[in-house]
Each structure stands twice: as C-alpha cells, then as structure tokens.
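full-length UniProt numbering applies: residue 1 is where the sequence shown begins, and numbers increase by one. Virtual Cβ for every residue (Gly too), placed ideally from N, Cα, C. No experiment lies behind these values; they were computed from the predicted model shown. Okay, so here's the structure we're looking at.
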Amino acid sequence: MIVPSEAKTVKRIYHDFLDGKGSVQIAEELKEEGVPGWNGESKWRASTIERMLENEKYKGDVLMQKTYTVDFLTRKRMKNEGELPMYLIEDNHPAIIERDTWEAVQLEKQRRIAFVEETGSKKMTYNGDDYVFFGKVICGHCGSAFGRRTWHANDPKARRHVWLCKNRYVKGEKRCRVKNHHVNDLDLAPAFMKGLNELLRKNNIKKWTEAKEQADPLLNYKLDQFLERARSHQELSDYQPELVRRFLERVVVEDKQTLRFHFLDESVVEMDRLHLVGQIR
Ligand SMILES: [Zn+2]
Numbered sequence: 001m002i003v004p005s006e007a008k009t010v011k012r013i014y015h016d017f018l019d020g021k022g023s024v025q026i027a028e029e030l031k032e033e034g035v036p037g038w039n040g041e042s043k044w045r046a047s048t049i050e051r052m053l054e055n056e057k058y059k060g061d062v063l064m065q066k067t068y069t070v071d072f073l074t075r076k077r078m079k080n081e082g083e084l085p086m087y088l089i090e091d092n093h094p095a096i097i098e099r100d101t102w103e104a105v106q107l108e109k110q111r112r113i114a115f116v117e118e119t120g121s122k123k124m125t126y127n128g129d130d131y132v133f134f135g136k137v138i139c140g141h142c143g144s145a146f147g148r149r150t151w152h153a154n155d156p157k158a159r160r161h162v163w164l165c166k167n168r169y170v171k172g173e174k175r176c177r178v179k180n181h182h183v184n185d186l187d188l189a190p191a192f193m194k195g196l197n198e199l200l201r202k203n204n205i206k207k208w209t210e211a212k213e214q215a216d217p218l219l220n221y222k223l224d225q226f227l228e229r230a231r232s233h234q235e236l237s238d239y240q241p242e243l244v245r246r247f248l249e250r251v252v253v254e255d256k257q258t259l260r261f262h263f264l265d266e267s268v269v270e271m272d273r274l275h276l277v278g279q280i281r
C-alpha cells in the first residue's frame, strides 16, 4: 500500500532526480526538511533513494519472485538472482509515477553512468550549489573532465578558483598538450546564463514541439522543461545553480576564447568568453 504522503515524497524524489540532483543531495534535503520516510522517521540515505528510483511498484507494476523461499520450515527467503524466473505484472495497482517518467529516470541513470565513463569524471552530481559545474566542464582537446583548483590560496585578494584539464595537470603533459586553457570559475556562470537565454530567446518552441514526436521519455521530459521556460517569456536575469542542473549537459572548453555549451535539448551554444569579462561579479 502506498499512502498519500508517501506518494508525494516519491513524486518529489523522481522529479528532483530528473532535474539533475543526485541521490546524496536528495537524501540530505529530505533529512533537513524532516520529511518522514516509510517508518515515520526522517532517516534518508542515498541508497534508499536509489532503490526507490528503480522500484517498479511506483509505476503500478509488481515484480513477482524478487525473493524466494529456501526453507519452508524456517521460512528463510533469499534474493532471487536468476535462480528462478521473475514475472512482471503490469498495472497491478494504481501508479503514482507515470510510466514515461519512470522510464525517463532509468534513462537518466544510464546517461549519467555513460557520461562518467566517457569523461573520466568521478561522478556527475555533486551535493551543493557551489558544485553544479563539477564533472561537467570538459576539455575540448582530450575529452577529459576539468577539475577546479584554487590559485593563490594564501592571498585573499588574489585567490581564485580556476578550472584545468585533469589529464594535463594530474596525469601530466603527455596525456593532454593543451596550454593556457584554464577557465576562471567566475566566467562560467555568466557565460552559461547568456547561452541559456540565447537558446530560450531564439524561440525554439516549434522545433522543440516537433522534436517531442521522435523523443525517448527522457528527452521528452527535458523538452517539456525547455518549452515551459520558453513559454513563460521570463528573461532569466539572475544566475541560479538549479538551472545548470536542469538544462546543462556539459560545457566544452574549446580554446582560450570559446566555451561550447551542450544543453539537454541537444542544442549547442558557442560562447565567446572574452567578451564576458565586463560582466563578472
Ligand atoms: Zn585535456
């Protein structure tokens, strides 16, 4: 049985995940807000969130024989790891997560795994607004993820965060020969906002609506988010880290001058970052 308060929490978890949050952050936020779990306590773990994100019961199905009885006398049960067939009974009970949303979450999980493998990032989602670009800044030269370093750490006036190719500064010059390729942390957010506004201003409503016809559930979900933003006609003036989580796939550092923003609607926006110098706050 799924009670209404649980249904609300489950929905929130699915949508938070699709909006770019990771299981660690989702668990932290639920704990902070004191949202009760299945036993009434607010003890959320990332592993609980991960299990919930793949539980088929929320889309109305039931998987039979997830466990089986080994000993009928002691009633000992074991997890079925292929010893016995499993049966999926669809539409067994009312769903609280739409089938497409559930599928979108599974695709999003695969996307994150593939991204991390491709770029050599440790992970794709980091907890906290200061870390939204982590794992997503990619070297245009070697394809490795950039890492953020602090320069002049001992001098408060000169101290700044700078992004550098991990292949070059961690593993050595041989792995990536790119030079003068670093990105000032303060350049990223304004360039991202300009790129996103450019995309929304271009009035892609027709393009996005047509793309939905061919889209898988994940792209479809994302296209809806772009459409919702575009239709609201609000110019996004302030940088919000949440927008990076929701809309950015990666930002590729092409050269000293060019940042290439890949958005989750599959568009790419090239930004000349030298012209943003005057806008850094
Ligand atoms: Zn590189």
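- DSSP lists VAL162 as the bridge partner or partners of ASN184.
- With the rule of 3 Cβ pairs closer than 8 Å, the segment 136-155 does not count as touching the segment 50-57.
- From the listed residues LEU243, ASN184 and LEU199, the smallest Cα separation to LYS256 is found for ASN184.
- Per DSSP, TRP151 lies in no alpha helix (DSSP H) segment; the continuous beta strand (DSSP E) that holds it begins and ends at 146-151.
- Not one heavy atom of ligand 1 sits closer than 7 Å to the Cβ of HIS182.
- Within the DSSP bridge table, the entry for ARG250 names HIS262 as partners.
- Contact between the segment 119-127 and the segment 226-243 is absent, with fewer than three C-beta pairs closer than 8 Å.
- Scanning its chain for C-beta atoms nearer than 8 Å, with the 5 sequence neighbours on each side dropped, one finds around VAL268 the residues ARG260, PHE261 and HIS262, in chain order.
- Minimum Cα-Cα distance from ARG148 among the listed residues LYS206, VAL162, GLN234 and ALA104 corresponds to VAL162.
- When LYS59, PHE192, GLY22 and ALA145 are compared, the shortest CA-CA separation from TYR126 is found for GLY22.
- The beta carbon of VAL62 sits closer than 8 Å to those of GLU56, LEU88, ILE89, ASN92 and HIS93, all from its chain and outside the five residues before and after it, given in chain order.
- The closest CA to that of THR209, considering only ASN220, GLU103 and PHE134, is found on ASN220.
- Our two residues, GLN106 and ALA158, have alpha carbons roughly 44 Å apart in a direct line.
- Closer than 7 Å to some heavy atom of ligand 1: that does not describe the Cβ of SER121.
- Taking C-beta separations shorter than 6 Å and ignoring five residues to either side along the sequence, the partners of LEU188 in its chain run PHE133, following chain order.
- Here GLU28 has ASN127 as same chain residues with Cβ atoms under 7 Å from its own Cβ, once five neighbours each way along the sequence are excluded.
- Membership of LEU218 in the alpha helix (DSSP H) is indicated by the continuous run 217-232.
- Those residues that bring their Cβ nearer than 7 Å to a heavy atom of ligand 1 are CYS139, HIS141, CYS142, SER144, CYS165, ASN167, ARG168, CYS176 and VAL178.
- Taking the Cα positions, ASN39 is about 34 Å away from VAL116.
- Rounded to whole angstroms, the gap between the alpha carbons of ARG75 and TYR58 is 27 Å.
- Around the beta carbon of ILE205, fewer than 16 other beta carbons sit within 10 angstroms, so the residue counts as exposed.
- The three-state reading of DSSP puts ARG51 in helix, counting H, G and I together.
- Here GLY135 is not near VAL253, since their CB atoms are 8 Å or more apart.
- By DSSP's assignment, CYS139 forms a beta bridge with VAL253.
- A distance of 8 Å or more separates the beta carbons of PRO217 and ALA114.
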